[in-house]
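Positions in the sequence shown are counted from 1; adding 1019 to them yields our numbering. Note that CB positions come from ideal geometry on N, CA and C, so glycine has one too. One structure is given here, and the rest of the page talks about it.
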Amino acid sequence: MRDIFELYKRFVRNLLNINGISSRREYWMSLLVAFQPVLFSSLLFILTAKFYEEFLISRVLSAIFLTCFILNSAIYTIGSTTIFFRRMNDIGSKKIFSLILFVLGKIPPIGIFVSFYTLYLLIKPSSKNLDY
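As structure tokens, this is what we get:
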């Protein structure tokens, strides 16, 4: 349990860092752990929104959980992007190549093919000879 909190703290601490490296374990576990607050806050929002019209407290809770959901989603989106670049650094990929893969992965017609290649790269072991 302590390891999970440590992973999340490291994920948030490195929220804007694209220059470091992230191992395979750190990458995948961080994404898994960091998604849980997003999921939990969205479920709480859905449950309270169901009773939005009936109780005043559910309106207040609904607004609180919606705010938590938006904040958690922003943290997850920014953090998952930066940890992607750190993971690509770990396998020895150049930053410009990582940026091209990231952008091409967002284009619908070719994004599927780029995503498969990116997944292949993300599961590769770490590069032994990093020269930066």
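Assigned secondary structure, residue i (DSSP; H/G/I helix, E/B strand, else coil)
i	result
G1039	coil
N1091	helix
D1150	Legend: pLDDT at D1150 = 46, less than 50; position of this residue unreliable, value from coordinates given subsequently. Residue state, collapsed to three classes: coil.
E1025	helix
E1073	coil
I1083	helix
S1060	helix
N1108	helix
L1050	helix
S1099	helix
L1066	helix
When the options are compared against residue i, the one with the closest alpha-carbon
i	options	result
M1048	F1059, L1058 and F1030	F1030
Y1052	L1123, N1038 and S1099	Checking the sequence, you will find Val at residue 1052 rather than Tyr. Cα-wise, what sits closest to V1052 is S1099.
F1064	E1073, S1077 and E1072	S1077
N1036	C1087, F1070, L1066 and N1108	N1108
L1026	G1130, A1068, I1102 and L1062	I1102
L1062	F1074, G1039 and T1086	T1086
I1115	I1083, P1128, L1034 and N1038	N1038
Inter-residue spacing [alpha-carbon to alpha-carbon] between residue i and residue j
i	j	result
F1121	R1105	13 Å
Q1055	K1113	31 Å
I1131	E1073	44 Å
Limits of the alpha helix (DSSP H) - the one that residue i falls within
i	result
L1118	K1114 to L1123
P1127	P1127 to L1141
Practice prompt. Kindly confirm or deny that the stretch 1050-1066 and the stretch 1086-1098 touch, where touching means at least three C-beta pairs closer than 8 Å.
Written response: yes
Fill in: the stretch 1127-1145 contacting the stretch 1034-1048, beta-carbon criterion three pairs below 8 Å
yes
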